[in-house]
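In the working numbering, the protein residues as written are 2 to 215.
For glycine and all other residues, C-beta sits at the position ideal for the given N, C-alpha and C.
Values in this document were obtained by computation on a predicted structure and should not be read as measured data.
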């Protein structure tokens, strides 16, 4: 013995505007695709000229048309009688060719602009690297107070390093000194004395790298 029916079956959904925005967007996307599919079927099966224009809840525009939206709308607004299919095909072929040519030219222009932009970016990077490496060659008129103070300190450090290197070369190039000493037999002897800087002295003349924080 079968049990009685417990469910009420498929219920008809009440047609009213949704309050939840996420549900509204999902429903619009599904119904839009279904509507475009039906319009395409109507055009294919019946040879009808169709134009659909939809505005989403987010004010985005979606359209579908056969042969295209502009042709159908212009024909509707001007009430121009339908031309034969051969003429329409020629018009659409010419329009498609023009659009294709314009798109090709636009793509070429965009590629050229992208190439020029990459070139400008590379030049800017090279300029920044040169300024960082040769910081003393930067023009002074475009610097602020902190940059000028930084430049002054680095130039003073560079001056001190150059002076240390010059002193080192002077010491290394000095002539050998000869000292005389006497032993108990009053006979004299000579000894050559060379100046060899120790490791601590050598470290005084090692150039320290100058970091540019700018």
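* Between the CA atoms of residue 149 and residue 155 - distance to the nearest angstrom -> So the two alpha carbons sit approximately 10 Å from each other.
* To do: Please report the Cβ distance between residue 65 and residue 29, rounded to the nearest whole angstrom; I am assuming they are in contact, meaning their Cβ atoms lie under 8 Å.
  => Not quite, the Cβ-Cβ distance comes to about 15 Å (not below 8 Å), so this is no contact.
* To do: Return helix, strand or coil for residue 167, following the three-state DSSP convention.
  => Helix at residue 167.
* Asked: Per DSSP, what kind of secondary structure is residue 52 in: helix, strand or coil?
  -> DSSP places residue 52 within a strand segment (E or B) once states are collapsed to three.
* Asked: In angstroms, rounded to a whole number, what distance separates the CA positions of residue 128 and residue 172?
  -> Answer to the nearest angstrom: the Cα atoms are 40 Å apart.
* To do: State the beta-bridge partners of residue 29 as determined by DSSP.
  => DSSP, once it has assigned bridges, lists no residue as partnering residue 29.
* Mind checking which residues open and close the alpha helix (DSSP H) that includes residue 77? => Segment 70-79, the alpha helix (DSSP H) holding residue 77.
* Could you check if residue 51 is buried or exposed, using at least 16 other CB atoms within 10 Å of its CB as the buried criterion? => Residue 51 should be labelled buried.
* Asked: From this set, 31, 68, 165, which residue's C-alpha is nearest residue 45's C-alpha?
  -> Selected option, being the one with the closest Cα: 68.
* Collapsed DSSP secondary structure at residue 57 in the structure displayed -> Here residue 57 sits in coil by DSSP.
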